[in-house]
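Top to bottom, those sequences are chains A and B.
One gets my numbering by counting positions in the first sequence from 1 and adding 1337 to each.
One gets my numbering by counting positions in the second sequence from 1 and adding 401 to each.
We put the beta carbon where it would ideally sit given N, CA and C, even for glycine.
Values in this document were obtained by computation on a predicted structure and should not be read as measured data.
To start, the structure under review is shown below, and the notes come after it.
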Amino acid sequence: MQVLIKRDQLNHAVQHVLKAVSTRTTIPILTGIKMLVTDEDMTLTASNSDISIECSIPFEEDGEEIVNVMRPGSIVLPARYFGEIVKKLPEDTIEIDVKENFLIQIRSGSSEFQLNGLDPEEFPRLPQLEEEKVFSIPADILKTIIRQTVFAVATTETRPILTGVRWNLHNGSLSLVATDSHRLANREANVETSEDLSFENIVIPGKSLTELNKILEDSDQLVDIVITDNQILIKYDKVLFYSRLLDGTYPDTSRIIPQSFKTEMVLNSRMFLQAIERASLLAGESKNNVVKLTSRPGEEVEITSNTQEIGKVTETITPASIQGDEIKISFNAKYMLEALRSIDSDEIKIGFTGSMNPFIIKPTEHDWITQLIVPVRTN
Amino acid sequence: MGKIKILDDRLANMIAAGEVVERPSSVVKELVENAIDASADKIEIVIEEGGLSSIKVSDNGHGIERDECRLAFERHATSKIQKERDLFHIQTLGFRGEALPSIAAVSRLELKSKTRESDSGTRILIEGGKLKEEQEIGMPDGTEVIVRDLFYNTPARLKYMKTIHTEVGHVSDLINRLALSHPDIAFILKHNDKILLKTMGDGSLLHVIAAIYGTSTAKMMVPLENDSIDFTLKGYVARPEITRANRTYVTTIVNGRYIRNYPLIQAVIRGYHTLLPINRYPVSVLHLDMDPVLMDVNVHPSKLEIRFSKEQELLELVEGTVRRALEKQTLIPEPSKQSAAGRTSIKTEKPVQTDLELTRKTRPESASFNFQVKGTKDRPTPKEIETFQKWVQPEPETETTGMIKEDSQSNEWNADFKNPVPDQHPENGEEQTENKMDQAGMAGENSPDRLPVLDPLAQLHGTYILAQHEDGLYIIDQHAAQERIYYEYFLNRLKQDTIESQNLLVPIHLEVTAAESQVIQENLDLLSQVGVHLEPFGSNAYVVRALPRWIPEGEEEAVVREMIQMLVENKKINVVQLREEAAISMSCKAAIKANRYLTRPEMEALLDKLRESSNPFTCPHGRPITIHFSSYEIQKMFKRVM
């Protein structure tokens, strides 16, 4: 294999696929990036236990030649070193020449590297997917709905199914749910799809979606999503992003979200967020970052936090409106902060159904997002 | 008027008693040792109220002649050594001739003794060192000493006695040690009519261990035996899952005498290297026999301290023997202790059906990680070999090994016929220690294959791999497993590194003691060979000009000091040992963490590499990697078998 390639385009593609390279793995070949050059195109592939990313580099873009193939072929490059080398090479053009025994020669201007590559035949092949269930969504919306849910997934593997975000699709409405059993994030969105397409219980690992969001850009370019029984494929620009799906049945969350409330208040989201941020300052190092919220009808809402060895903080905030019973509730400030940050709205509505029951946070403008938090029991 | 006088004997004995008779257990020790020296094979110790009100030691030894009974209470009277030469060939436990007069000086002592030759025995009574009574009595062969009201005439000493409980503890510790030293003597220890210890005296050390530490511990003991020109070593070490919080369970017995020798205990612990968790110590009983010329017991009246002439050889023998004994074991902890068959005593001969060995062949590995799986054999584990002696003596000429060749695309079966590989445990101790490191990285055909070929089923909590084999379920800690693999890899790589020194712009200033300074001066060359360049900097101070590259950042001074310490103690620098610590921390960082999903091929790759590591049982920090539930145990838990 021998090619001449523009550095910027190569670097762009390498940075994309690097997201699927695992630094720690039990199979050494997975620390590499596979480069495949045919007469028609050039692709880079990387794979780990959760995701695989394939990124193609066009031979020509806007009339400019990007890749010049002297000899097609393939090789697995050690990702850690290759990524850094490409970034720092001096000239705009890079020559990659693969010799015998998978020896790679990288030349650019005055610098020349020799790297030991690995056998491309050993590299796992990407899954071949039946493209039956396909729908499209603009990249910026996909990025947003992932951001608004993925933070709520469980980070420990004690209940593996909860480390993913559950996707359901019915009548062109996509619904995402994530929960770690202490809080829950729910987001709905309309997608372009054929009328009869629907699926349920598609659970995508949170880690995969976090990586996907690093690749997606804020553009209205359509992203095609292919769903099969155990894989999801996201086609975006020149990138093919594969992720495994989690096995198992996601718990039924539909009945968890309360529909009627005993206390409802509307708050300025920025002020409320800042008040919670200040209140959580005194939480110290303890993980149980508990904040207490107290309100009486027609009065100000009081937020307090008390850590015995550090001190006490009291905040008051005037709600835009408040109705229903008085409420006294404690919750983990971290969950509240993450929920508030995910809602891009000036005003939020919080609905309580008693101090021991979960409460929800929604934007006042629309119903697409629901954030639910389970209170902390205090004595 | 002369102020200086020679003390009378009685006072002298009371002073000596202060040193020899510290507490009731010292009395018991002296009396029981006398009994042992009198070749008794049955010794009964009965104490009341922690030994303060009464201590009775009776034996069936050869007794004391009537006319010698009184002589025994003279200072420096002993039957155990006769002339100066004997002092350097001590075969008996006592020899100083101080015990009896010292005890007699601080108590009411009654001695009854009869020799086999005489028809009647003698009874004498001594109070505070003064002979009160002497008479002829009838009694069985042997000697019985009763010590009453210990310290009755030294109230200061009596005041400092701890609770009865503590004193009983001391006595029972002492008898435990003596029983371990003399499995051929039947000991009975009673306190206030309660039996605290009873050994059979049938000569089996394992039975004594069972009597002291319990049968479950005794079942986990691994026997060991080895000798060199000067030393003979025998005993038992516990499998690493039995650990204790302190070193007192490492019992070392030299020529039948319990001794405490710190380097010796350290050698035992080194034998367990990487098998024990931090701050845990093994249970072990080691009997060492050597020519009395090679040791000096006459260091302290308690005779616990001992000095060896060929200490280095002895320590290497102990360390190597312990390590090899443990390496031969399948060290996978099993959840239920009862099922661990008595490895040491049961050796039933049973026919064994030889199997068609189905081994999974992994894909060829990359060049950078040279852990090739070639010719990996699934042999019966050593446990099976040990429990069931091979019935068919000459092994069949060929064994059928079906190997599964796994490809990312297709599975194909490939039958492979191979000759059986005999169990290869390198026998030479010294070489093996070094070989171990060499094998570590490229463990191949001759690595002891003690973990069977496992078939991963699933992952638990993203942390443990559940794997099955015909003989049951294995649970493997994925982080610990990879830590072990990397540890051996890094250790090997570090060892091959050339010594590259990094010159320091700002040298490290090192202040040392005068003794250290002397050692450094003598070994400057040696230090620079390992990459540490030192220059004298005034008296008792040095500056470090250059350091080897492998020293982790921030630990430069500590490592150099450790090297100097090694020089002072052993006159050499063991770089491998120092680098090992670096390897442990590197391997921990490189290994996959808990809470991480693994695909099936990843689990298979991990298990295959683990099997090839030289020690697939514990991680470098000594935590276990694998836990095994045998099919039988699982059946038992479900009450399918009763």
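Chain order gives the chain A residues near Ala-992 of chain B as Arg-1361, where near means a beta carbon separation below 8 Å. Here Ser-617 of chain B is exposed, its C-beta having fewer than 16 other C-beta atoms within 10 Å. An exposed status is given to Ala-646 of chain B, since fewer than 16 other beta-carbon atoms sit within 10 Å of its beta-carbon. Shown in chain order are the members of the stretch 868 to 902 of chain B whose Cβ falls below 7 Å from a Cβ of chain A: Gln-883.
Asn-554 of chain B is a Cβ neighbour of Gly-529 of chain B, given a cutoff of 8 Å. In this structure the stretch 1609 to 1617 of chain A lies against the stretch 1659 to 1671 of chain A, because at least three pairs of beta carbons, one per stretch, are closer than 8 Å.
Ser-1389 of chain A and Lys-1356 of chain A have their alpha carbons spaced roughly 9 Å apart. Annotation for Ile-876 of chain B: the continuous beta strand (DSSP E) segment containing it runs 873 to 878. Distance from the CA atom of Ser-1682 of chain A to the CA atom of Leu-1709 of chain A, rounded to whole angstroms, is 16 Å. Cβ proximity to chain A below 7 Å picks out nothing from the stretch 430 to 450 of chain B. Residue state for Ile-547 of chain B is assigned as strand, using DSSP reduced to three classes.
Not a single C-beta of chain B is nearer than 8 Å to the C-beta of Pro-1457 of chain A. The beta carbon of His-463 of chain B is closer than 7 Å to those of Ala-439, Ser-440, Thr-516 and Arg-517 in its chain, skipping five residues each way along the sequence. Under the three-state reduction of DSSP output, Phe-1439 of chain A falls in the helix class.
Contact between Ser-1447 of chain A and Pro-1427 of chain A holds, since their C-beta atoms are separated by about 7 Å, short of 8 Å. DSSP places Ile-1028 of chain B in the strand class (E or B) of the three-state scheme. When secondary structure is reduced to three states using DSSP, Ile-407 of chain B falls in the coil class, being assigned neither helix nor strand. Contact check for Lys-1470 of chain A against Leu-1534 of chain A passes: the beta carbons are separated by less than 8 Å. Closer than 7 Å at the C-beta level to chain B, one finds these residues of the stretch 1357 to 1386 of chain A: Arg-1361, Thr-1362, Thr-1363, Ile-1364, Pro-1365, Ile-1366 and Ser-1386. Around the CB of Thr-652 of chain B, 16 or more other CB atoms lie within 10 Å, so the residue is classed as buried.
Val-1404 of chain A sits away from Asn-1348 of chain A, with the two beta carbons spaced by 8 Å or more. The straight-line gap separating the alpha-carbon atoms of Asn-1385 of chain A and Leu-676 of chain B is approximately 32 Å. Against chain A, the beta carbon of Glu-1003 of chain B has neighbours under 7 Å at Thr-1362, Thr-1363, Ile-1364 and Ser-1386, listed in chain order.
Look at Pro-1497 of chain A: its C-beta is under 8 Å from a C-beta on chain B. DSSP places Leu-607 of chain B inside the alpha helix (DSSP H), whose first and last residues are 606 to 614. Using a 10 angstroms sphere on the CB of Tyr-561 of chain B, the tally of other CB atoms stays under 16, which defines it as exposed. Counting along the chain, Leu-676 of chain B sits inside no beta strand (DSSP E), nor does DSSP assign it H or E at all.
The contact set of Thr-1493 of chain A on chain B, defined by CB atoms closer than 8 Å, consists of His-862, Gly-863 and Asn-996 in chain order. Chain-order list of chain A residues neighbouring Ala-1006 of chain B: Thr-1363 and Ile-1364, by C-beta distance under 8 Å. Taking a cut-off of 8 Å for Cβ pairs, the stretch 1587 to 1597 of chain A and the stretch 1637 to 1652 of chain A do not touch, as fewer than three such pairs fall below it. Ile-456 of chain B places its beta carbon less than 8 Å from that of Ile-448 of chain B. In the three-state reduction of the DSSP assignment, Gly-1543 of chain A falls in the helix class, which pools H, G and I. Think of a sphere of 9 Å around the beta carbon of Thr-1027 of chain B: no beta carbon from chain A falls inside it, the nearest being about 16 Å out. For His-862 of chain B, there is no enclosing alpha helix (DSSP H), since its DSSP letter is neither H nor E. Among the CB atoms of chain A, one or more fall inside 8 Å of the CB of Thr-1000 of chain B.
DSSP lists B:Val-655 as the bridge partner or partners of Arg-658 of chain B.
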